[in-house]
Each structure stands twice: as structure tokens, then as C-alpha cells.
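Undergrad:
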Amino acid sequence: MEMIRKLSNEELSELTLASDQRFLQQELAQIPAQARDASERSDEFWAAQRAAVWSKIADRERGLLRMPVLAGAAAAAIVAIGVFLIPDKPKSATTVVSSQSISDQELLVQVERVVQSGAPASLEPAGLLMQEMAQYKPTARKKESHEN
Amino acid sequence: MDTALANTLPSAALKEAEELSAERFDQIMRQHQRRVYRVIYLLVRDSDAADTLTQECFLRAYQKRKSFRGECKIETWLMRIAVNLVRDHGKNRRLSFWRRLVQGHSNLAEHAARNATPEAALLAKEELQTVWSTVNFLSPQQRTIFFLRFAEEMPLAEIAEMLEIKAGTVKAQLARATGKLRQLKEKQWK
């Protein structure tokens with residue numbers, strides 16, 4: 001009954017392996033000694049290897065200690081560059097916005113005040129312009145009201 | 149020193165002390181560096197590369213020592229790191245394969261021929277050259293398993309744990325490796 005039982009892959013591997021090991025017994029038996037002989041090194045070699053490992057460990061740890069300092073310096077440099085590179089556009093933009101927000105009427109009033117307060121001769125054309133605009137202003141307002 | 153610590157500290161504290169102690173790590177290195185080097189050397193067949201990879205193995209072990217939870221033997225853990233390093237190294241060193249093949253197995257076969265009569269030495273050398281050259285034609289995983297089993301005489305379960313594969317896979321790969329060697333030997337006899 002057992003003779004016709006199918007072998008599992010693992011059982012098959014085990015049987016093959018056991019058979020091959022018996023067949024290669026002589027060669028396989030020599031491998032451990034050869035491997036040890038081939039990789040045999042002097043005590044100085046092993047000591048130098050350990051020293052090299054400790055030296056690499058020290059290098060890595062020094063590198064790790066430097067990392068936060070370097071990261072801080074890099075961040076500071078980026079901030080400094082950012083401060084120099086970002087133009088003062090927002091400030092000028094607010095100026096423009098504020099000048100636009102003053103209506104024509106208010107501007108006229110300001111000019112009028114300057115002219116009446118004894119402005120220099122160079123501002124006389126502005127005074128004339130203001131007088132002219134003041135004359136036409138009511139008509140323009142009437143038109144606006146009609147349109148509405 | 150270790151026994152005294154074990155008697156006085158609770159196990160968690162002892163583990164932490166072991167993890168952090170440079171002295172303890174140096175002891176581990178002294179204890180395992182020969183075997184780690186040997187396995188790497190058998191796999192890469194280049195003494196300079198084996199030295200560099202052994203150093204890298206211990207460097208990684210030191211850096212990751214806190215992640216070692218004692219679930220396996222420290223040797224198994226070190227060998228796992230070593231085998232992974234060899235695998236990564238192999239990916240970048242495909243071209244030097246033929247050079248190593250020519251140099252490597254002849255050096256290993258020399259050792260077998262040292263203490264024998266001239267005829268027996270010649271025969272042994274030829275047989276072993278055949279073995280080593282055949283091993284070079286195995287897949288990287290088969291070669292690793294072959295050396296761990298037959299050069300390092302590790303139990304199959306430990307090899308499986310080290311390579312993080314099933315024990316059944318180890319058996320199957322080993323059977324394929326020995327099968328190839330057997331075929332070659334049979335051909336020589338014919």
C-alpha cells in the first residue's frame with residue numbers, strides 16, 4: 001500500500017539529496033577543510049579588519065553628528081537667499097491699490113487744497129485743470145443718474 | 149563580566165546594555181569575523197572584495213544593532229547581512245565572474261593536493277576543480293545554500309532562517325545543486 005503512495009515534492013527532494021550526498025561523499029567531505037584553508041588569514045589581518053570596521057563606525061558617527069549642524073546652516077542659507085531674492089512687489093502693489101482706491105473726487109479735493117495753500121508756480125496748470133473739472137462735474141453726475 | 153551582568157540586570161536592561169556596548173560588539177566581531185569572511189570569500193572568490201564586504205557587514209550590524217531582537221542567533225543575523233551584501237555586490241560584478249572562475253577554483257583545489265602522493269594529488273585536484281567550477285555555474289541562491297550546507301555544515305533549518313525562505317525550498321535547491329554535480333561526475337566517468 002505504501003509502495004504506491006505518491007511522494008511529496010519535499011520528500012522527493014530529501015531522497016534525491018540523500019542519494020546525491022552519498023554519491024558525492026568524497027568531494028563534499030573535503031569542502032569544509034578546503035574552505036577554511038582558502039580563507040585562512042594571519043592574526044594581523046583580522047586585527048586590521050576590526051580596526052577598519054571601528055574606523056568606519058567612527059566616521060559614520062562623526063558624519064551623523066555633523067548632519068544637524070549642516071542642515072541648520074543649509075536652512076539659514078536658504079532663508080537668507082530667499083530674503084534677498086524676493087522683490088518688494090507686495091509693498092508697491094499696496095501703494096497702487098491705495099492710490100486706486102482714492103476716488104477722482106477725493107483727488108481733486110486734495111489738489112484744490114494744495115493750490116489754495118499757496119502752491120508753487122509749477123502747480124498752476126493743475127489748479128486750472130481742477131477748476132475746469134469742477135465746472136463739468138455736475139453734468140457728468142446727471143448723465144450717470146440718467147443711465148441708472 | 150557578562151555572567152555578572154546577567155545575574156544583576158533584568159533581561160530587557162541586559163539586552164539594552166548588550167546592544168549599546170562597544171566592547172560587546174568587538175567581542176561579537178572577534179567571534180564571528182572569520183566565518184563571515186569565509187562565507188563571503190567562498191561566494192565572491194576575491195579576497196579584497198571579501199575583506200571589504202566583511203567590514204561592511206559589521207558596520208551594518210553595528211548601525212542596526214538596536215533592531216536585533218534576539219529572535220535568531222546573532223550568527224544567523226550576521227550571515228543574513230553578509231549574504232544580502234554578496235547578492236548586492238554580485239549585481240554590480242557580473243563582468244568579473246569569468247576572471248574569478250579562472251582564478252578562484254584553482255586556488256581552492258591547490259589546498260587538497262598539498263599532502264598527497266603526486267598521482268592522488270593530481271586526481272584530487274582535478275575532481276575538486278570540477279566541483280568548484282560546477283558550483284560556479286549554480287544560481288546565486290543555490291551556490292549560497294550549497295556553501296552554507298557543505299562548507300559551513302549548517303543545518304537546513306538554520307539556512308532557511310538565514311535566507312528567510314522555507315526549509316522545503318532549501319532542500320529543493322540543495323537537491324538541484326548536488327544533482328548538477330552528480331551529473332557532471334557521471335559524465336566524467338563515462
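Protein chains in written order, with the numbering used here: chain E, 1 to 148; chain R, 149 to 338. Where is the CB? At the ideal position from N, CA and C, for every residue including glycine. Small disclaimer: the values here were computed from a predicted structure and weren't measured.
For chain R, find out if any of its Cβ atoms is closer than 7 Å to the Cβ of residue 65 (chain E); answer yes or no.
TA: Within the first sequence, numbered from 1, the residue matching residue 65 (chain E) stands at position 65. No, residue 65 (chain E) lies away from the interface with chain R (no Cβ there is under 7 Å from its Cβ).
Undergrad: Comparing alpha-carbon positions, which option in R:235, R:219, R:220 and R:300 lies nearest residue 205 (chain R)?
TA: Taking the first residue of the second sequence as 1, we reach residue 205 (chain R) at position 57. Closest by alpha carbon: R:235.
Undergrad: With H, G and I counted as helix, E and B as strand and the rest as coil, what does DSSP make of residue 220 (chain R)?
TA: Looking up residue 220 (chain R) in the second sequence gives position 72. Coil, per DSSP.
Undergrad: In terms of alpha-carbon separation, which member of R:191, R:222, R:192 and R:330 lies closest to residue 176 (chain R)?
TA: In the second sequence, the residue the question calls residue 176 (chain R) occupies position 28. For the residues R:191, R:222, R:192 and R:330, the minimum Cα distance to residue 176 (chain R) belongs to R:222.
Undergrad: Compile a chain-ordered list of the residues in the region 311 to 323 of chain R whose CB is closer than 7 Å to at least one CB of chain E.
TA: Within the region 311 to 323 of chain R, the qualifying residues are 316, 319, 320, 322 and 323.
Undergrad: Distance cutoff 7 Å, beta carbons only. Does residue 56 (chain E) sit that close to anything in chain R?
TA: Your numbering for residue 56 (chain E) matches position 56 in the first sequence. For residue 56 (chain E), the answer is yes, since a Cβ of chain R falls inside 7 Å of its Cβ.
Undergrad: Just checking, does the region 295 to 310 of chain R make contact with the region 183 to 195 of chain R on the three C-beta pairs under 8 Å criterion?
TA: Touching, per the Cβ criterion.
Undergrad: Write down the C-beta distance between residue 321 (chain R) and residue 290 (chain R) rounded to the nearest angstrom, noting that I regard them as a contact closer than 8 Å.
TA: Locating residue 321 (chain R) in the second sequence gives position 173, where the first residue counts as 1. Locating residue 290 (chain R) in the second sequence gives position 142, where the first residue counts as 1. Yes, they are in contact, since the Cβ atoms of residue 321 (chain R) and residue 290 (chain R) sit about 5 Å apart, within 8 Å.
Undergrad: Just how far apart, CA to CA, sit residue 216 (chain R) and residue 209 (chain R)?
TA: By one-based count along the second sequence, residue 216 (chain R) stands at place 68. By one-based count along the second sequence, residue 209 (chain R) stands at place 61. The straight-line gap from Cα to Cα measures roughly 9 Å.
Undergrad: With a threshold of 7 Å between beta-carbons, can residue 298 (chain R) be considered close to chain E, or not?
TA: For this step, residue 298 (chain R) is matched to residue 150 along the second sequence. Yes, residue 298 (chain R) lies at the interface with chain E (some Cβ there is under 7 Å from its Cβ).
Undergrad: Taking the Cβ atom as the reference point for each residue, do residue 294 (chain R) and residue 325 (chain R) lie within a distance shorter than 7 Å?
TA: As a first step, residue 294 (chain R) is located in the second sequence; it is residue number 146 there, counting from the start. As a first step, residue 325 (chain R) is located in the second sequence; it is residue number 177 there, counting from the start. Their beta carbons are under 7 Å apart, which means residue 294 (chain R) touches residue 325 (chain R) by this criterion.
Undergrad: Please list, in chain order, the chain R residues whose beta carbon lies closer than 7 Å to that of residue 23 (chain E).
TA: Start at 1 with the first residue of the first sequence, and residue 23 (chain E) comes out as number 23. Simply 330.
Undergrad: Express the C-alpha separation of residue 201 (chain R) and residue 48 (chain E) in angstroms, rounding to a whole number.
TA: The sequence position of residue 48 (chain E) within the first sequence is 48, counting from 1. The sequence position of residue 201 (chain R) within the second sequence is 53, counting from 1. Near 14 Å, if we compare the C-alpha coordinates of residue 201 (chain R) and residue 48 (chain E).
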